[in-house]
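2 protein chains.
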Amino acid sequence: MYSMQAIGYVRSPYRETKDIPKGLGAKHEAEGVLEILSEFAAGLADIEGFSHLYVFWLFDRSQGYELTASPPSDNRTHGVFATRSPRRPNAIGLTVVELLRCDGPLLQVRGIDMLDGTPILDIKPYLSSIPAEKLRRGWLAEAEARGKS
Amino acid sequence: MYSMQAIGYVRSPYRETKDIPKGLGAKHEAEGVLEILSEFAAGLADIEGFSHLYVFWLFDRSQGYELTASPPSDNRTHGVFATRSPRRPNAIGLTVVELLRCDGPLLQVRGIDMLDGTPILDIKPYLSSIPAEKLRRGWLAEAEARGKS
Chain A
-18 MYSMQAIGYV RSPYRETKDI PKGLGAKHEA EGVLEILSEF AAGLADIEGF
32 SHLYVFWLFD RSQGYELTAS PPSDNRTHGV FATRSPRRPN AIGLTVVELL
82 RCDGPLLQVR GIDMLDGTPI LDIKPYLSSI PAEKLRRGWL AEAEARGKS
Chain B
-18 MYSMQAIGYV RSPYRETKDI PKGLGAKHEA EGVLEILSEF AAGLADIEGF
32 SHLYVFWLFD RSQGYELTAS PPSDNRTHGV FATRSPRRPN AIGLTVVELL
82 RCDGPLLQVR GIDMLDGTPI LDIKPYLSSI PAEKLRRGWL AEAEARGKS
């Protein structure tokens, strides 16, 4: 067992899970703030040079886990590791956000899909991406194709 | 404080940190295996449809943390959250791997940059990417440009 601690908290317009856009074609354009605790703020030096960040966070309002999940984007169940279900063995969430502005320990970002008050575990620069033509998206691409037909 | 548990372990050709390619232009083409513990293997259902996976893992051989880091790709220090330093407040690593083959609880993957025996915390499908023309890479792009001149 490994212990993790919050390095800060998300300030988000979403107060309840039902407020967060989900499923096929959901757009995450919401703006919010990553409030980093003062004791960790020195770790943000030079972060303003990155356009996008990985935010690691905790599904702190999710209870327990299941090994299969029924994502909102499909009517079939899939293994939890083939989904982004919050009910996972380690309830880590990952969001890529666009960094709009830094104001000391407050990072103004776009692309929030977390609830207000969500604990932040880590932030890393988003550096590279897989070219679209090399990417296969498994059941999600199939579910999208079914949704369009 | 939040507790995390290993869902499996990485089988990697890298036994020591010095074996892992680092710095500007480092290529991660090494193949390895994600060995998922049998009690979590049902969570892998349908994962074979994805070409790439996010692997969340623990820098289990890293001790403590510092708020600034000197990455191998630059001779300047940066805030730890603007780097991928292992010495972070929560020692979570993230690697995007290419999924080559599934054999029950064993995922054969390419793109390993973890040490052999590294605990795996989570796996998620890699679904989308930021278009290259929208991506800014901060100090790393600058360090690359300096390295070329």
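Each protein sequence line maps, in turn, to chains A and B. Under our numbering, the first residue of the first sequence carries the number -18, and numbering increases by one thereafter. Under our numbering, the first residue of the second sequence carries the number -18, and numbering increases by one thereafter. All C-beta atoms, glycine included, are put in the ideal place defined by N, C-alpha and C.
Paired residues, beta bridge with residue i - DSSP
i	result
H33 (chain B)	B:E79
Q89 (chain B)	B:V14 and B:R82
D103 (chain A)	A:F37
S132 (chain A)	Any question about residue 132 (chain A) goes unanswered here, given that chain A covers just -18 to 130.
V(-9) (chain A)	A:L15
G45 (chain B)	Answer is none; G45 (chain B) lacks a bridge partner.
G60 (chain B)	B:T49
is_contact[residue i, chain B] using C-beta, thresh 9 Å
i	result
V61 (chain A)	yes
N71 (chain A)	yes
P67 (chain A)	no
M(-15) (chain A)	yes
E16 (chain A)	no
E(-3) (chain A)	no
Closer than 9 Å at the beta carbon, the chain B residues around residue i
i	result
S19 (chain A)	Within 9 Å Cβ-Cβ: nothing; S19 (chain A) doesn't reach chain B, min ~11 Å.
A23 (chain A)	L48, T49, G60 and V61
A4 (chain A)	It is worth fixing the name first, because residue 4 (chain A) is Gly in this sequence and not Ala. Near G4 (chain A) there are no residues of chain B at all, since even the closest Cβ is about 13 Å away, more than 9 Å.
Residue i: contacting residues in chain A (beta-carbon distance under 8 Å)
i	result
L75 (chain B)	Y35, F37, L75 and K105
R42 (chain B)	Correct list: empty, because the minimum Cβ distance to chain A is about 13 Å.
L96 (chain B)	Within 8 Å Cβ-Cβ: nothing; L96 (chain B) doesn't reach chain A, min ~16 Å.
Assigned secondary structure, residue i (DSSP; H/G/I helix, E/B strand, else coil)
i	result
G24 (chain A)	helix
A137 (chain A)	In the structure as shown, chain A begins at -18 and stops at 130. Residue 137 (chain A) is therefore absent and cannot be evaluated.
G74 (chain A)	strand
G128 (chain B)	helix
E(-3) (chain A)	coil
Cutoff 9 Å: residue i Cβ touching any chain A Cβ
i	result
R82 (chain B)	no
T99 (chain B)	no
A11 (chain B)	no
I181 (chain B)	Because chain B is modelled from -18 through 130, residue 181 (chain B) falls outside the range shown and cannot be assessed.
V1 (chain B)	Val is not the amino acid found at residue 1 (chain B); the sequence shown has Ile there. Answer no: the Cβ-Cβ gap between I1 (chain B) and chain A never drops below 9 Å.
R117 (chain B)	yes
T64 (chain B)	yes
Local Cβ density within 10 Å of residue i, reported as buried at 16 or more and exposed below that
i	result
N56 (chain B)	exposed
L81 (chain A)	exposed
G(-11) (chain B)	buried
S19 (chain A)	exposed
M(-15) (chain A)	buried
M(-18) (chain A)	exposed
Where residue i meets chain B, residues with beta-carbon distance less than 8 Å
i	result
G128 (chain A)	Ordered by position in chain B, no residue passes the 8 Å Cβ test against G128 (chain A), which lies about 15 Å from the chain.
Chain-ordered chain A contacts of residue i [CB-CB under 7 Å]
i	result
L102 (chain B)	N71 and I73
Per-residue contacts from residue i into chain A (C-beta, under 9 Å)
i	result
I93 (chain B)	Under the 9 Å cutoff, chain A gives no residues; its nearest Cβ is about 16 Å from I93 (chain B).
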